[in-house]
Structures are given as structure tokens and as C-alpha cells.
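Working notes for the structure below.
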Amino acid sequence: MTVKFPNGEDVFFDYGKPVVLLGANGAGKTRFSVRIEEMNDSMFNNSQIESEKLLVHRISAQKSLTISNSISILDNESAERNLFYGNSDSYVPKNGFRFQGHPATYLLDDYSKALSLLFSKKNLQLEIAHEEDRKAVDAHRTRPELITTVVERATSIWNEILPHRKIDLSGNGVHVIYNEKKYHGKEMSDGERVMLYMICQALVVRENSLLIIDEPELHIHKAIVNKLWTRLEQERPDCVFMYITHDLHFALTRNADKVLWIKAFDGEKWDYEFIKASDYSDIPTELLYEIIGSRQKILFVEGTKDSYDSALYRELYNDYYVIPCGSCQNVIRFVKSKNGYANLNSIDVKGVIDRDYRPEREISALEQDGIYCLNVAEVENLFVVPELLDVMESVLLAEDGSARSAKEKIISLYNSNKENQIAASVNQEIKHQLSLFDIGTKKYTANEIKQYIDEKYSLEKLEAVVSEKRDLFDNASTLEEILRVFNFKTIANKIVGEFFGLKIKEDYPKRVLRALRKDKEAEIRKAIKPYIPNLTI
Numbered sequence: 001m002t003v004k005f006p007n008g009e010d011v012f013f014d015y016g017k018p019v020v021l022l023g024a025n026g027a028g029k030t031r032f033s034v035r036i037e038e039m040n041d042s043m044f045n046n047s048q049i050e051s052e053k054l055l056v057h058r059i060s061a062q063k064s065l066t067i068s069n070s071i072s073i074l075d076n077e078s079a080e081r082n083l084f085y086g087n088s089d090s091y092v093p094k095n096g097f098r099f100q101g102h103p104a105t106y107l108l109d110d111y112s113k114a115l116s117l118l119f120s121k122k123n124l125q126l127e128i129a130h131e132e133d134r135k136a137v138d139a140h141r142t143r144p145e146l147i148t149t150v151v152e153r154a155t156s157i158w159n160e161i162l163p164h165r166k167i168d169l170s171g172n173g174v175h176v177i178y179n180e181k182k183y184h185g186k187e188m189s190d191g192e193r194v195m196l197y198m199i200c201q202a203l204v205v206r207e208n209s210l211l212i213i214d215e216p217e218l219h220i221h222k223a224i225v226n227k228l229w230t231r232l233e234q235e236r237p238d239c240v241f242m243y244i245t246h247d248l249h250f251a252l253t254r255n256a257d258k259v260l261w262i263k264a265f266d267g268e269k270w271d272y273e274f275i276k277a278s279d280y281s282d283i284p285t286e287l288l289y290e291i292i293g294s295r296q297k298i299l300f301v302e303g304t305k306d307s308y309d310s311a312l313y314r315e316l317y318n319d320y321y322v323i324p325c326g327s328c329q330n331v332i333r334f335v336k337s338k339n340g341y342a343n344l345n346s347i348d349v350k351g352v353i354d355r356d357y358r359p360e361r362e363i364s365a366l367e368q369d370g371i372y373c374l375n376v377a378e379v380e381n382l383f384v385v386p387e388l389l390d391v392m393e394s395v396l397l398a399e400d401g402s403a404r405s406a407k408e409k410i411i412s413l414y415n416s417n418k419e420n421q422i423a424a425s426v427n428q429e430i431k432h433q434l435s436l437f438d439i440g441t442k443k444y445t446a447n448e449i450k451q452y453i454d455e456k457y458s459l460e461k462l463e464a465v466v467s468e469k470r471d472l473f474d475n476a477s478t479l480e481e482i483l484r485v486f487n488f489k490t491i492a493n494k495i496v497g498e499f500f501g502l503k504i505k506e507d508y509p510k511r512v513l514r515a516l517r518k519d520k521e522a523e524i525r526k527a528i529k530p531y532i533p534n535l536t537i
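Using full-length UniProt numbering, you'd call the opening residue of the sequence shown number 1 and step up by one each time.
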């Protein structure tokens, strides 16, 4: 299938292979699809059918899901005109009739039209089959096999997706059977109604059509949306399904060889390109789709989506789209990988990671790539910086001196765990040094390699590392200095809460986030600001 695109090029698509459109909100995805329809469907702005033109059927995200009490059954041609162009009596421009002159925003009300065409096609199929059967009988030939009507196909698809709720489309009506009780289709849930609507639309569209579906996941439960569209694609291998979606998981399930990235629309012209995930192998496909689907600047952080630290980052950097990436290694790798792809230069991506015993030279090197370290050892320490403890004493209506007691407890914990912290820091430094180890491509003997290692990692140099780290930890005396080097994740969620009188000690981070989202936002931001990177630079 060859499709004319808005910037003047012809793009070829294979029948049976889906196309996915991704882009940020406001990038012009819906208007892009309208332009595709306008350029390729001869009936968009006139009433003359051109046989060589592509047939385009676009299902808007703006649509009514109302099912009428009764469905008017028209002859097949009238029913097709009614659904595809908006008028049953004659061929008319679909822009003016189907979309009332507002193709991007008009609320479609064509559910009954889709059902009418479904039933009309069934009637036509039965009429033709009956005529063929009669001819065979009259000619004493073998009678043809029973046909499967379009209504039977719709019923089969429904019952395969929702086996516990049977659909009954007999008698040109819509009913559902559940727990041996039968009720009218208008009583179905939004999800059930939109599922039947999509089944009807996919089955009645003409052969070799481009079927554009805006927000195919809307109202449909995540557990079945993939199965539904996979089934409909299998049912119509003669068509091309083009999906406009915000659901990244759904986009991944389409297994498209490439996605169409709509970058921007200035009112006249679109900026777009096809993205092949295989060309960006250093970035997980889901993450790639998430990046190109966001209008905001991107911030990669450590942790998971449901962790307190990710929630804190989302509040502190609310002008960024925060994406948790798990480990610090992932954050570093993904930021560097993104920076390596020129096609993604228009997307602003940065990373924030824990300080984690990193030496200043490593921190400076990371900043050159847009990766910034906290001014505390780990993100959990942000919840217990001294300024924030003072604020939370007031927020939680705790006893006077509670914040001071919490600070003293943290210092005491640090002193009792200092030797372990020094050992961990030395271990981290040696790992970093080994990661930089490189003897080049020259052929060496084992003895030469050992000599190289002995020189680079001599006893004196290792002693210097240990001495440097010990001085670092010994010189940390104030709470601010301690939190800069102290890795002890249980401080925030298990220790501090008891000093503020919380019944559930682990609730402390949650209470900080709650206050940050409400009336104490300015105070908490001010308290934490000195300890987080300034990303406006």
C-alpha cells in the first residue's frame, strides 16, 4: 500500500503489518492523521469516487458509544455510504457530512451506522449464499459449504476475548448473556461497548483499506486490549492498521518494525520521521518510546516507579518527565546512549544519581555527559537533611527538640558504622580504577601485564587511597558533611520516624511527600535545594 504523506513523499506499507504513531501531546498526531485521510481518500472533500485512490477509514478518539434501542437495516450500499461518508442517500464529501467540517474534533456518532452495516453485510452474504445454494440444487450439483457470515465472525471474536460474557447478535439486535441472564447492548459497560464498536468497524471496512484508529486503547481493559487488536489484525490481513496511541505498552505489543514519530506541528507543516528500534539498540525499546512520546524534558533517575525517591524527584523536578531506570549504571548508560544518537538531539535528557563514594574527578566527568550527582551520598538522605528535619518537626506537630534528637541519632549511627563505610568507599574507588584499566591492543606477556598492574596499583598507591578515604570520613563532623558520605538507607524509613512520634515509623517519607504536595511546598523545596543538582544550567 502506498500512502501520500503530508510533506509530499510517498510511503509504502505492507498489508497486514501495523503502523504506530507516537509523539508528545500537542505534536499534531490527530491532525496528521486527518491530513493523511484528506490526501489519500478521494471522498474526503468531493463526492466523486476515484477507483485508483486509497480507501481510508479513520476512527476518531472522540466518539459516542450510545447503542440505539433498535437498528435500522439499510441495503448494503446505502449502509456503506452512511457509515463511511455520513449520508445514506448519495455519495457526499465525508469532511462535510461524516465530520461536519471538523474532522479533528467532531464527536462521531456512528455506532448504529456500524451495526447497521454489519447486519446489512450479513443479510447480503446470506442472500448470495442462498442464491448459490439454489442454483446448485437446480443444477443437481453438490451444494456449497455453509458460509461464515460477518456477524458470526464478530460473535466469534467477542466470545474469544470475553468468554464469560456471550454476545448475541441474532435478529439484527445486540444483547449480552451473563450468568444466564440476557440484557440489551445499551446496558453494557463502556469497555464492552467500545470493544464491539471496534470489532464492527474492523470487519465492515472495505478491502485494502487504511484503517486509522485514534487511541485504540481507550476504555478497553489492559488485560484484553492487546488480544483484541491482534485478533482484528489477523481477521483483516488485507488492510493496514495505523494506531495513534499514548499507551507505550500497547505500542510495544504491536511489534511494528518501525514507529512514526510525530515531533511537532507549526500549524502548516509537520516534523516527523520513522524510527526503527533496532537502530537504537543501546536504549530499551520501551524507554525509547517513552522518550519520544514526552513533550517535557527527560530526567533519568535511580529507583522504581513506585518508590519514595522517584516520587520525590517528580515533585522537585516537576518541569521534567522523570523516568526511573533502576540502577545508577542504567542511568549513566541510557543518558550516554541517548547522547550518541544525533536524531534524538532535539530531546533534552539528563540524569541524576546518588553520590555513592564517587571521587570528584568522576563526578566532574559525568557532568560533561549531563549526569549529575546529589550533594548527599544517596537520595534517601534528602529526607533527613537538617533543614528538612526542622521543617518536619513543625509539620508533624512533634515535641520541641525532636529534630535535634533525630540529628544526634544520625551522627551516632555514622560514628558506629564509620569503619564499614570507609571499607565500602575504598572498595568503590578500586572498582572505579579497575574500570579504567586499559593496556591497549599491544601483545603482552603475562609477566608484562603483572608488572603493569603492580606499577599502576602499587602498595603505596593503594595505601594512599585508603588514607584519602579515611581522611574524608574522619573529617565529616557536621550532619551536612556526614550525609554527603553516609550510605545508610534505613535512616529515613525506619529511624527518624520514631523521633517525630509516628505510630508507623516507615511513614516518614510519605509524610514528607504529602507536605511537599500541599501547604509546605515552598519550605521543603528551600530545605532540600542545596543538596540537589541545579538542572537549569
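All C-beta atoms, glycine included, are put in the ideal place defined by N, C-alpha and C. Quick caveat: nothing in here was measured; it's all calculated off a predicted structure.
Item                                                                                                                                                                         : Value
L118 and V150 - do their beta-carbons sit closer together than 8 Å?                                                                                                          : yes
By DSSP, does I537 sit in helix, in strand, or in coil?                                                                                                                      : Here the model assigns I537 a pLDDT of 46, short of 50, so the residue's position is not dependable and the matter cannot be decided.
Between the Cα of L374 and the Cα atoms of F44, E480 and E38, which residue gives the shortest distance?                                                                     : E480
Distance, Cα to Cα, N343 vs N7?                                                                                                                                              : 18 Å
Alpha carbon to alpha carbon, how far is I411 from T536? Give it in angstroms, no decimals.                                                                                  : 33 Å
Take W158 and list the residues in its own chain whose beta-carbon comes closer than 6 Å to its own, dropping the five residues that flank it on each side.                  : I167
Do D266 and L65 come within 8 Å of each other at the CB atom, strictly closer than that value?                                                                               : no
Taking 7 Å as the limit between beta carbons, can you name the residues of its chain near Y341, skipping five residues before and five after?                                : Y280
Give me whichever residues DSSP pairs with I212 in a beta bridge.                                                                                                            : R58 and M242
Mapping DSSP to helix, strand and coil, what is C200?                                                                                                                        : helix
For P237, count neighbouring Cβ atoms within 10 angstroms of its own Cβ and tell me buried if that reaches 16, exposed if not.                                               : exposed
Would you call the stretch 508 to 515 in contact with the stretch 450 to 463, where contact means no fewer than 3 C-beta pairs closer than 8 Å?                              : no
Count the other C-beta atoms from every protein chain shown that fall within 10 angstroms of the C-beta of L355, then say buried if there are 16 or more, exposed otherwise. : According to the sequence shown, residue 355 is Arg rather than Leu. Buried, because 16 or more other Cβ atoms sit within 10 Å of the Cβ of R355.
The alpha helix (DSSP H) spanning A264 covers which residue range?                                                                                                           : Note, A264: premise wrong, no alpha helix (DSSP H); beta strand (DSSP E) at V259 to F265.
Nearest-angstrom Cα distance between L436 and N417?                                                                                                                          : 29 Å
Between which two residues does the alpha helix (DSSP H) carrying Q350 extend?                                                                                               : The sequence shown places Lys at residue 350, not Gln. Premise fails: K350 lies in the beta strand (DSSP E), V349 to I353, not in any alpha helix (DSSP H).
Which runs of the alpha helix (DSSP H), 4 residues or longer, sit entirely within the stretch 272 to 315?                                                                    : 285 to 292
Between the stretch 315 to 335 and the stretch 397 to 406, do three or more beta carbon pairs fall short of 8 Å?                                                             : no
Between V56 and the ligand ADP, is there a pair consisting of the residue's CB and a ligand heavy atom that are separated by less than 7 Å?                                  : Inclusion of the ligand ADP in the displayed structure is not the case, the ligand content being empty and no account of it being possible.
Less than 8 Å between the C-beta atoms of V349 and I291, yes or no?                                                                                                          : yes
What is the rounded straight-line gap between the Cα of N82 and the Cα of A256?                                                                                              : 32 Å
In whole angstroms, give me the CA-to-CA distance for M242 and K443.                                                                                                         : 55 Å
Taking the continuous alpha helix (DSSP H) assigned at C328, which residues delimit it?                                                                                      : C328 to N339
Who are the near neighbours of K409 in its chain, counting only those whose CB is closer than 6 Å to its CB and skipping five residues on each side?                         : none
Just to confirm, are L516 and I504 a CB contact at a threshold of 8 Å?                                                                                                       : no
Who pairs with Y106 in a beta bridge, going by DSSP?                                                                                                                         : None, per the DSSP bridge assignment.
In this structure, does DSSP put residue 549 in helix, strand or coil?                                                                                                       : Because the chain in this structure spans residues 1 to 537, residue 549 falls outside the shown range and cannot be described.
Quick test of the definition: if touching needs 3 or more C-beta pairs under 8 Å, does the stretch 103 to 118 touch the stretch 130 to 143?                                  : no
According to the Cβ coordinates, are A24 and S294 closer than 8 Å?                                                                                                           : yes
Rounded to whole angstroms, what is the Cα-Cα separation between F334 and L211?                                                                                              : 35 Å
With H, G and I counted as helix, E and B as strand and the rest as coil, what does DSSP make of T148?                                                                       : coil
Just how far apart, CA to CA, sit E393 and L413?                                                                                                                             : 20 Å
According to DSSP, K181 sits in a beta bridge with which residue or residues?                                                                                                : Y178
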